[in-house]
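The sequence shown begins at 227 in my numbering and counts up one residue at a time.
Using N, Cα and C, we set each Cβ at its ideal position, and we do this for glycine too.
As the structure is a prediction and not an experimental result, all values here were calculated from the model.
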Amino acid sequence: MSFDLSTIALLIGLAFLYAAVVPPAWRRWCLLLLSLLALYWLQPRLPVRYGGFLLPLALLSLTIAIWYWFVRGDSERLSRSDGAALGLAVGVTLLLALNRYLSLPAAIYAVRPPGLELLVPGLLLLGLVVWALGRLKSRWGDWGIPAGITFILLLFIIWKSTPLATALSATWRGLAGQDMSLAAPLDLAWLGFSYVAFRLIHTLREKQLGNLPVLGLADYLNYVIFFAALPAGPIDRAERFETDLLVLPTLERWDARRFRLGLARIATGLAKKFVLADSLALGLALNPTNATQVTSTGGLWLLLYGYALRLYLDFSGYSDIAIGIGLLFGIRLPENFDWPYLQTNLTTFWQRWHITLSNWVRHYLFTPLSRSLLRRQPRPSPTLIVLVAQLATMIAIGLWHGLSWNFLVWGLWHCLGLFIHKQWSDRTRRW
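Right, dumping it as structure tokens:
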């Protein structure tokens, strides 16, 4: 689930409690505890058995494994801090697993976990596998990080592909003794995975390039699953996030400016999402129902523009809320939208729409691909290089939203617009 009003109110209350009672030296640990709890609590209940518990556990396990194999320092032993972070992650998981026996009200925690007789041996086996593979790290050579990136991309493809997700759901249902004919992609709605996958790939690639600072497990988990940015972004960079964690102990408890900015940003996001966007969704935005009911050309254009406006207000509203909540807890998340619909061309639009996603794809796809093409012999023409790089970039952004023909065509359409604008502006630029 994304943030609803009760969750937002709870997080605001926790932010004031955090400022009032948490000692400065314990702030990053408090954020880690909240992020671990939110990872399980925000995950929606799923129709596949144990899915609402096992998917957050899988995401947490994947993050810890990548940290252990690639991100941590060269020491063979865990530091005391890393051991404490690992213990906290396991402890929260086991504590929430007790809900199988306590049956807490659905408003508190609605997921029914597997029994401890299955969970504890499973965690021990998983830990043993991660440790054993880590001991073999010296034999991996240069293919370890590429293999990790490939594995994450394969998971991403499975979860974004309707046929593959449906097949996986059917398999899961079959193993759990459930009706396989009811399998559907939404059975495996994995909270935040689209954003977490890109954060993990970012850290792996920066580690490969030698640019990633050594991160302890607590800081790495805070970065990857930070509760404010977990459901809907933005996609921060690890080194920038780490600077915020380092200065947390020095922040004033009651920084009036920080609280004023944070609360104002949350209020802006609430107005965008729950007032404007939800009002448009009631009938002034295009959807399968009213698309068949409206017959006039003008009415259809109105619905189309209403949908575009609703999409912006909904997404930017959630980003505002995430940024505001982050500010209350001392974390300055990056901006994600900057009035994109007021721009005069498609290029500047994409510099201001979903900024962190655009920057990520530009940094890890557009720029490396352009440089690779420039080094080819014979070198392709500059026009062809721009076309190929823009094509790959926009298709990647489209397929990030979903592996379907709709998003493929969407990516091609935006690539065409960007390419035409680039060629036109180059030819009409005044020197």
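Notebook entry, point to check: What residues in its chain sit with their C-beta under 7 Å from that of W565, if we drop five residues either side in the sequence?
Noted result: Non-local C-beta neighbours of W565 in its own chain, meaning closer than 7 Å and more than five positions away in sequence, comprise R578, ordered along the chain.
Next item on the list: Can you say whether D300 is buried or exposed, counting buried as having 16 or more other CB atoms within 10 angstroms of its CB?
Entry: Exposed, by the Cβ-count rule.
Item checked: Distance, N585 Cα to R428 Cα -> Residue identity check: residue 428 is His in the sequence provided, not Arg. One C-alpha to the other measures close to 11 Å.
Notebook entry, point to check: Okay, do the segment 279-297 and the segment 309-326 touch, 3+ Cβ pairs below 8 Å being the bar?
Noted result: Because the criterion of three Cβ pairs below 8 Å is met, the segment 279-297 and the segment 309-326 touch.
Next item on the list: Can you give me the Cβ contacts of L426 inside the same chain, cut-off strictly under 6 Å, excluding the 5 residues immediately before and after it?
Entry: Excluding five sequence positions before and after L426, the CB atoms of its chain that fall closer than 6 Å to its own CB belong to I292 and I378, given in chain order.
Checklist line | Distance, L342 Cα to L321 Cα | finding: Cα to Cα, the separation comes out at about 10 Å.
Checklist line | DSSP-derived helix/strand/coil call for S387 | finding: Note: S387 maps to strand in three-state DSSP.
Check: Mind checking V355: buried by the 16 CB within 10 Å criterion, or exposed?
Finding: Exposed, since its Cβ has fewer than 16 Cβ neighbours within 10 Å.
Notebook entry, point to check: What first and last residue would you give for the alpha helix (DSSP H) that runs through Q519?
Noted result: First-last of the alpha helix (DSSP H) with Q519: P514 to Q519.
Check: Which word fits Q603, buried or exposed, when buried means at least 16 other C-beta atoms lie within 10 angstroms of its C-beta?
Finding: Under this definition Q603 is an exposed residue.
Next item on the list: Grab the span of the alpha helix (DSSP H) containing R253 for me, first residue to last.
Entry: Its alpha helix (DSSP H) spans residues R253 to W267.
Check: Which of the three DSSP states, helix, strand or coil, is assigned to L208?
Finding: Absent from the model: residue 208. The displayed extent of the chain is 227 to 657, so no value can be given.
Check: Given I551, which residues of its chain have a CB within under 6 Å of its CB, disregarding the five upstream and five downstream residues?
Finding: Excluding residues within five positions, the ones whose Cβ falls inside 6 Å are L237 and A454.
Checklist line | Where E478 falls, given that 16 or more other Cβ within 10 Å makes a residue buried | finding: Under the 10 Å beta carbon count, E478 is surrounded by fewer than 16 other beta carbons and is classified as exposed.
Next item on the list: Taking G509 as part of the alpha helix (DSSP H), name the residues at either end of that continuous run.
Entry: Per DSSP, G509 belongs to no alpha helix (DSSP H) and is neither H nor E.
Checklist line | Among S598, E561 and G374, nearest to K433 - alpha-carbon criterion | finding: The shortest C-alpha separation from K433 is found at G374.
Notebook entry, point to check: Does the segment 441-456 come close enough to the segment 281-290 that 3 or more CB-CB pairs lie under 8 Å?
Noted result: Yes, since at least three Cβ pairs between the segment 281-290 and the segment 441-456 fall closer than 8 Å, the two stretches touch.
Check: If you draw a straight line from the alpha carbon of K386 to that of T376, how long is it in whole angstroms?
Finding: Straight-line measurement puts the Cα of T376 at about 15 Å from the Cα of K386.
Checklist line | A251 versus R558, L591, L474 and A358, residue with shortest Cα-Cα distance | finding: Of R558, L591, L474 and A358, the residue nearest in Cα terms is L474.
Item checked: Where L204 sits in the DSSP three-state scheme -> No answer is possible for residue 204: the residues shown for the chain start at 227 and end at 657.
Next item on the list: For the alpha helix (DSSP H) holding G278, just list the boundary residues, first then last.
Entry: If you look at G278, you'll find it in the alpha helix (DSSP H) that goes G277 to I292.
Checklist line | 4-residue-minimum alpha helix (DSSP H) runs that sit fully inside the segment 320-398, ordered along the chain | finding: Scanning the segment 320-398 from its first residue to its last, the whole alpha helix (DSSP H) runs of 4-plus residues come out as 325-328, 342-361 and 370-386.
Note to self: Given the structure, does S232 come close to the ligand SAM, in the sense that its CB is under 7 Å from one of the ligand's heavy atoms?
What the structure shows: With respect to small molecules bound, the structure shown includes none, and the ligand SAM cannot be examined in it.
Margin query: If you measure between the beta carbons of L554 and G488, is that distance less than 8 Å?
Written below: Against a cut-off of 8 Å, the Cβ pair of G488 and L554 comes out as a contact.
Next item on the list: Identify whether T570 lies in helix, strand or coil by the three-state DSSP scheme.
Entry: Residue state for T570 is assigned as coil, using DSSP reduced to three classes.
Notebook entry, point to check: Short check: CB of L510 to CB of G532, under 8 Å?
Noted result: Cβ distance < 8 Å, so L510 and G532 count as in contact.
Note to self: Among L401, F382 and L414, whose alpha-carbon lies nearest the alpha-carbon of T392?
What the structure shows: Check the Cα spacing between T392 and each of L401, F382 and L414: the tightest is with L414.
Note to self: Among L314, P372, G309 and L412, whose alpha-carbon lies nearest the alpha-carbon of L260?
What the structure shows: For L260, the nearest C-alpha among the options comes from L314.
Check: What do you reckon, are the CB atoms on T582 and P560 nearer than 8 Å?
Finding: Taking 8 Å as the Cβ cut-off, T582 and P560 qualify as a contacting pair.
Next item on the list: Return the Cβ separation of G239 and F296 in integer angstroms, given the expectation that the two are a contact with Cβ distance under 8 Å.
Entry: Not really, about 37 Å apart at Cβ, beyond 8 Å.
Margin query: For S598 and G459, which I take to be in contact (beta-carbon distance under 8 Å), what is that distance rounded to the nearest angstrom?
Written below: G459 and S598 do not touch by the CB rule: their CB atoms are close to 28 Å apart, not below 8 Å.
Next item on the list: Under 8 Å by Cβ, that's how I've got L262 and V318 pegged, so tell me the actual separation to the nearest angstrom.
Entry: The distance from the Cβ of L262 to that of V318 is about 4 Å, consistent with a contact at the 8 Å cut-off.
Item checked: Residue environment, A264, which counts as buried when at least 16 other CB atoms sit within 10 Å -> Per the 10 Å Cβ criterion, buried.
Checklist line | Classification of W626 by the beta-carbon crowding that lies within 10 angstroms, buried from 16 upward | finding: Result: buried.
Note to self: Considering only the alpha carbon of each residue, which of G556, W357 and L629 lies closest to R303?
What the structure shows: Measuring from the Cα of R303, the nearest candidate turns out to be W357.
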